[in-house]
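Chemist:
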Amino acid sequence: MLPDRAFFDLLADAAKAETLPRFRVGAHVVNKEEKGFDPVTEGDRAAEAAIRAVITERFPEHGILGEEHGSVGLDREYVWVIDPIDGTRAFISGVPVWGTLIGLYRNGRAVMGLVDQPFTGERYFSDGKQSFYSGPEGERVLSTRACAGLSDAIMFTTSPHIFVDGDRRRYEAVQDKVRLFRYGVDCYAYALLAAGHVDLVIETSLKAYDVGGLIPVIEQAGGIITDWDGGRAEMGGRVIAAGSRAVYDEAMAILRS
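Residue numbers (full-length UniProt numbering): 1 to 257.
(1) Could you give the DSSP three-state label for E42: helix, strand or coil?
(2) Taking the beta carbon of M155 as the centre, do at least 16 other beta carbons fall within 10 Å, making it buried, or is it exposed?
(3) Threshold first: 3 residues or longer. Then list the beta strand (DSSP E) segments lying entirely within the region 147 to 222, N to C.
(4) Going straight from the alpha carbon of G66 to that of A6, what length do you get?
(5) Taking only runs that begin and end inside the region 40 to 83, name each unbroken alpha helix (DSSP H) of 4 or more residues, in chain order.
(6) Would you list the residues sitting across from V95 in a DSSP beta bridge?
(7) Could you spell out where the alpha helix (DSSP H) holding residue 258 opens and where it closes?
(8) DSSP on E137, reduced to helix/strand/coil?
(9) Confirm, please, whether the CB-CB distance from G212 to G103 is below 7 Å.
(10) In whole angstroms, give me the CA-to-CA distance for A47 and A15.
(11) Give me, in chain order, the residues of the same chain whose beta-carbon lies closer than 8 Å to that of F8; leave out the 5 immediate sequence neighbours on both sides.
(12) Taking the beta strand (DSSP E) that R238 falls in, what are its first and last residues?
(13) Can you tell me which of the three DSSP states L2 falls into?
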């Protein structure tokens, strides 16, 4: 039996208790890369530990894949996929576009998910059939918007600098065709897509925990999310998310060229 919305809320609240008090207070940052900058904060580690503790107590038979504290039981039927703070760079910069991502995989496929932005009080949740919004705007069922093609589309990516070589050329070819493009919104861009505010997100070099909580929210709101080859996106990599089939097909034709 799948967990219910109340349990996902319990997980998000446990993470929120660790992240929100540390936001905009000068959190201590550790760099995980010797030759680059891959930040992690005490909030990342504490939030994931809190989520894992609740899952382990309620569903000890489930596996867990987490960004900060490793993985256990990845061969089990149900596996939780956790990113305690997606957008740590935004978090340490005081920009409220980071979020907690919690996904549930069944036999390798994402079936339920949650995106929580504690500072704005917004929560996006998929229950296996539909996606929902709760926050300052009230509560509603989420639905992506119809968009006829790239010329009418709003597109996001974290940064154009994440693309290299031929991927950079393909990304820029898509960017040249959209109505509006914006950078640096992390997981919040996918939430906006599920809510029908934007039409396209294209990224690369993602990990499973970067997308695990997002896939069900987008798909159950009527959107499409795959890798650049059209396959499932559960393991990350090069990812495209679109609100309409028309936008997806037009963008994919370019990314595959």
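Each residue gets a CB set at the ideal place from its N, CA and C atoms; glycine is no exception.
Modeler: So, to answer that:
(1) The sequence position of residue 42 within the sequence shown is 42, counting from 1. Three-state result, E42: helix.
(2) Your numbering for residue 155 matches position 155 in the sequence shown. With 16 or more other Cβ atoms within 10 Å, it is buried.
(3) With a minimum length of 3 residues, the continuous beta strand (DSSP E) runs that stay inside the region 147 to 222 are 154 to 157, 180 to 183 and 200 to 206.
(4) Along the sequence shown, read from residue 1 onward, the residue named residue 66 stands at position 66. Along the sequence shown, read from residue 1 onward, the residue named residue 6 stands at position 6. Taking the straight line joining both Cα atoms gives about 21 Å.
(5) Here the runs fully enclosed are 42 to 58.
(6) Here the question's residue 95 lines up with position 95 in the sequence shown. Per DSSP, none; premise fails for V95.
(7) Only positions 1 to 257 of the chain appear in the structure, and residue 258 is not among them; the question remains open.
(8) Residue mapping note: residue 137 aligns to position 137 of the sequence shown, counting from 1. In the structure shown, E137 sits in coil (DSSP, three-state: anything other than H, G, I, E or B).
(9) For this step, residue 103 is matched to residue 103 along the sequence shown. For this step, residue 212 is matched to residue 212 along the sequence shown. Going by C-beta atoms, G103 is nearer than 7 Å to G212.
(10) Taking the sequence shown and counting its residues from 1, the one referred to as residue 47 is at position 47. Taking the sequence shown and counting its residues from 1, the one referred to as residue 15 is at position 15. If I take the Cα positions, the gap works out to 4 Å.
(11) As a first step, residue 8 is located in the sequence shown; it is residue number 8 there, counting from the start. So the qualifying residues of the chain are I102, M112, L114 and F125.
(12) Counting from 1 along the sequence shown, the entry for residue 238 is found at position 238. In the DSSP annotation of this structure, the continuous segment of the beta strand (DSSP E) that includes R238 starts and ends at G237 to A242.
(13) To locate residue 2, count along the sequence shown from 1; it is residue 2. In this structure, L2 counts as coil in the three-state DSSP scheme.
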